[in-house]
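Trainee: Those protein sequences? They're chains A and B, same order as listed. Following the UniProt record's numbering, the numbering of the first sequence begins with 1 at its first residue and continues without gaps. Following the UniProt record's numbering, the numbering of the second sequence begins with 1 at its first residue and continues without gaps. Take this structure, written in C-alpha cells, and hold onto it; I'll ask about it next.
There are 2 protein chains.
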Amino acid sequence: MQFNDKVPIYYQIKQYVYREIIVGHLTAGHQLPTIRQLAVTLTVNVNTIQRALSELIKENVIIPQRGKGNFVTTDQTILTALKQQVITSEFDQLYDNLAALNIPPATMVQQLQIYIDQRKDDQHD
Amino acid sequence: MQFNDKVPIYYQIKQYVYREIIVGHLTAGHQLPTIRQLAVTLTVNVNTIQRALSELIKENVIIPQRGKGNFVTTDQTILTALKQQVITSEFDQLYDNLAALNIPPATMVQQLQIYIDQRKDDQHD
DNA sequence: TCAAGTGTATTAGCTTTCTATTACACTATA
DNA sequence: TATAGTGTAATAGAAAGCTAATACACTTGA
C-alpha cells in the first residue's frame, strides 16, 4: 500500500478500512486482520494501526473483542450510512474544489465525461 | 481562510495560490500580496507563507524580486499548463477513489449528475 | 543619505505523527 | 494449567510542521 505523505498515515488507514468494507472485502460481522498482521502488511507500526482502529471503534464501525480480534459491525444502519458518507464526501470535495475555480456545475459533469473518455483512449499501453 | 488540519498549511496555501491564478484574481506579471500581508490575512506565520511560496518559485509560477515583491510569471506556457494540471488532478483523485470502491467510470458520471441535481434542490435555505 | 518596505535566512521551542519497545489483560486451546 | 495469540496501554525518541523572534540584503522614495 502506498501512503500520501501529505496526510497522516493513521488517517489513510482509516479510509482504507472504510473502502474495504464498502467494496465488500470485509463484510458485516467478519474479523479484520490482526493489528499485528495489519502492521506487517502495511509496513507500519502497531501503534499507528491502533490509532486508526480506535477511531473506527469510536464510530462503532468495528467492534473490538479482547483476546479475539476486531470485527466489522453487524449494524446495517451504520454500514449503509457509511457507504453514503464516503461516496458523498468524494463528490463534495470535487465540487468544492472545482467551484473554487469558477467552474459551473453543468461543466463539471461534461469535463468528467471528457476526462473518462480520454482515460479510455489512453489505455493503449 | 479555513485550513484542513489533515494537510500541511503550507501545502494548502500553495494550492490556494494556484486557484487564485487560475480563477484570474492574480494575473500574469502582477504582484502578489506581500509575504507579511499574506501572513496577516491568512493568520499564519511568515515562515509558513515563505515555505509555500518557495515551492511556487521553484516551479517558476511566481518570480521573487528582492526588495520589491513576488510576481506571477508572464510565461503563458507555464500558466496554461498549470490550469490543466490542477483540474486534471481533481479528476484523477475522484477517479482513483471511486475506482477503489468498484464504481465503474460510466456510473461516476451518472452519480455526479445526481449529486449536482440534489445540491440544486437543497439550495432551499 | 536614510528610513520604510520588500524578500531571505537562522535559531529555538512547541505540537503532532510515527516508531520502537515493553508490559499487561483477555481468550482459546493443547 | 500453560502457552500462544489476541487487544490495550505507556514510555521514550525521531522527524515534520508551525510559530516567534531576530537579523540581513535589497529597493524605493522622501
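Using N, Cα and C, we set each Cβ at its ideal position, and we do this for glycine too. On a predicted model such as this, the values are computed, not experimentally measured, just so you know.
1. Per DSSP, which one or two residues make a beta bridge with Q65/A?
2. Could you tell me whether the segment 42-62 of chain B touches the segment 2-15 of chain B, where touching means 3 or more Cβ pairs closer than 8 Å?
3. Within the 8 Å Cβ cut-off, does R19/A reach chain B?
4. Going straight from the alpha carbon of N47/A to that of G69/A, what length do you get?
5. Classify V61/A as buried or exposed, calling it buried when 16 or more other Cβ atoms lie within 10 Å of its own Cβ.
6. Between P64/B and D5/B, what straight-line distance do the alpha-carbon atoms span, to the nearest angstrom?
7. Is there a C-beta anywhere in chain B that falls below 8 Å from the one on Q113/A?
8. Going along chain A, which residues have a C-beta under 9 Å from Y11/B?
9. Suppose you measure from the CA of S54/B to the CA of Q93/A; what does that come to, to the nearest Å?
10. Should N102/B go down as buried or exposed, given a rule of 16 or more other Cβ atoms within 10 Å for buried?
11. To which residues does DSSP link Q31/A through a beta bridge?
12. Going straight from the alpha carbon of H30/A to that of Q2/A, what length do you get?
13. Thinking L98/A and F71/A are a contact (beta carbons under 8 Å), I'd like their distance in whole angstroms, please.
14. In the segment 34-119 of chain A, which residue ranges form an unbroken beta strand (DSSP E) of at least 3 residues, counting only runs that do not cross its ends?
15. Output, in chain order, the set of chain B residues within a Cβ distance shorter than 7 Å of A28/A.
16. Helix or strand or just coil, what does DSSP make of V17/A?
17. Are the Cβ atoms of A100/B and R51/A separated by less than 8 Å?
18. Would you identify the three-state DSSP class for D121/B, choosing helix, strand or coil?
Mentor: According to the structure shown:
1. G69/A
2. Segments in contact, yes.
3. yes
4. 16 Å
5. buried
6. 29 Å
7. At least one C-beta of chain B is nearer than 8 Å to the C-beta of Q113/A.
8. K6
9. 26 Å
10. Answer is exposed; the Cβ neighbour count stays below 16.
11. F71/A
12. 25 Å
13. The C-beta distance from L98/A to F71/A rounds to 39 Å, too long to fall under 8 Å, and the pair is not in contact.
14. Entirely contained in the segment 34-119 of chain A, the beta strand (DSSP E) runs reaching 3 residues are, in chain order, 62-65 and 69-72.
15. Here the premise fails: no neighbours, minimum Cβ distance about 17 Å.
16. The DSSP-derived three-state label of V17/A is helix.
17. No, Cβ-Cβ distance for A100/B and R51/A is not below 8 Å.
18. helix
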